[in-house]
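In the working numbering, the protein residues as written are 91 to 253. For reference, the structure discussed in these notes is given below.
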């Protein structure tokens with residue numbers, strides 16, 4: 091029993107440390123100008139949101155959230171994106187690998203008058219790390235575009251795919 095309790099604390103500590111570390115990473119790279127939404131909250135059936143993927147098309151083709159719209163990052167076009175989003179009060183969740191690029195895209199949407207924009211905390215990596223389903227162009231997949239060797243350390247589940 092003592093070993094079970096010790097193992098439980100160790101595993102909970104590792105899980106908590108991972109999310110804590112992602113929080114530190116996002117605090118370092120983001121201005122936190124856009125509110126976060128957790129993967130658990132987004133996965134709830136009552137959460138009805140338009141999902142925008144702020145990664146490049148090559149990343150999106152490998153892995154994305156169901157029904158997400160790829161808007162890109164390097165080639166993000168605000169005008170094209172706003173044409174797809176006529177309701178400025180709709181709930182919009184922007185995500186990328188971890189939540190850094192998505193903040194930039196979400197900021198542009200907020201400046202354009204969108205009032206209900208969120209950044210997915212931990213991005214698609216956190217989504218997969220929490221065992222939620224991801225998709226590619228053919229259906230469900232365990233492959234996740236891992237962005238780079240450096241950033242892929244934050245992806246603890248799934249098959250890491252690089253360009």
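Even glycine gets a Cβ: it sits at the ideal position worked out from N, Cα and C. Predicted, not measured: the structure shown is a model, and the values here were computed from it.
- Looking only at its own chain, which residues have a Cβ that is under 7 Å from the Cβ of residue 161, when we skip the five neighbours before and after it? Residue numbering aside, residue 161 sits at position 71 when the chain shown is read from its first letter. Contacts found: 142, 143, 144, 171 and 195.
- Whole angstroms is fine: what's the gap from residue 255's alpha carbon to residue 220's? Outside the modelled stretch of the chain, which goes from 91 to 253, sits residue 255, for which no answer is possible.
- Message: So residue 182 and residue 206 are supposed to be a Cβ contact under 8 Å. How far apart are they, rounded?
- Response: Looking up residue 182 in the chain shown gives position 92. Looking up residue 206 in the chain shown gives position 116. With a Cβ gap of about 6 Å, residue 182 and residue 206 count as contacting.
- Message: Give me, in chain order, the residues of the same chain whose beta-carbon lies closer than 7 Å to that of residue 252; leave out the 5 immediate sequence neighbours on both sides.
- Response: By 1-based counting over the chain shown, the position of residue 252 is 162. Result list for residue 252: 236, in chain order.
- Query: To the nearest angstrom, how far is it from the Cα of residue 147 to the Cα of residue 192?
  - Reply: For the purposes of this step, residue 147 is identified with residue 57 of the chain shown, where counting begins at 1. For the purposes of this step, residue 192 is identified with residue 102 of the chain shown, where counting begins at 1. In this structure, the alpha-carbon of residue 147 lies about 14 Å from that of residue 192.
- Query: Count the other CB atoms within 10 Å of the CB of residue 218; is the residue buried (16 or more) or exposed (fewer)?
  - Reply: Translated into the one-based positions of the chain shown, residue 218 becomes position 128. With 16 or more other CB atoms across the displayed protein chains lying within 10 angstroms of its CB, residue 218 is buried.
- Item | For residue 186: DSSP bridge partner residues | As a first step, residue 186 is located in the chain shown; it is residue number 96 there, counting from the start. Secondary-structure assignment with DSSP links residue 186 through no beta bridge to anything.
- Query: Per DSSP, which one or two residues make a beta bridge with residue 229?
  - Reply: To locate residue 229, count along the chain shown from 1; it is residue 139. DSSP lists 226 as the beta-bridge partner residues of residue 229.
- Does DSSP put residue 221 in a helix, in a strand, or in coil? Reading the chain shown from its first residue, position 131 is the one you call residue 221. DSSP, reduced to helix, strand and coil, places residue 221 outside both helices and strands of the structure shown, so it counts as coil.
- Item | Exposure of residue 91, with buried meaning 16 or more beta-carbon neighbours within 10 Å | The sequence position of residue 91 within the chain shown is 1, counting from 1. Because residue 91 carries a pLDDT of 46, less than 50, the predicted location of this residue cannot be relied on, and the following value inherits that uncertainty. Burial check for residue 91: the Cβ neighbour count within 10 Å stays below 16, so the residue is exposed.
- Simplified DSSP state of residue 138, which is helix, strand or coil: Looking up residue 138 in the chain shown gives position 48. Note: residue 138 maps to coil in three-state DSSP.
- Query: In whole angstroms, what separates the C-alpha of residue 211 from that of residue 241?
  - Reply: Stepping through the chain shown from its first residue, residue 211 is reached at position 121. Stepping through the chain shown from its first residue, residue 241 is reached at position 151. About 15 Å.
- Item | Endpoints, the alpha helix (DSSP H) within which residue 195 is located | Position 105 of the chain shown, counting from 1, holds the residue named residue 195. Going by DSSP, residue 195 is part of the alpha helix (DSSP H) stretching over 191–201.
- Message: So, with DSSP's three-state summary, where would you put residue 250?
- Response: In the chain shown, residue 250 corresponds to position 160, counting from 1. Residue 250: strand per DSSP, three-state reduction.
- Message: Need the endpoints of the beta strand (DSSP E) that residue 151 sits in, please.
- Response: By one-based count along the chain shown, residue 151 stands at place 61. Premise fails: residue 151 lies in the alpha helix (DSSP H), 147–152, not in any beta strand (DSSP E).
- Item | Buried/exposed call for residue 174, threshold 16 Cβ in 10 Å | In the chain shown, the residue the question calls residue 174 occupies position 84. That one is exposed.
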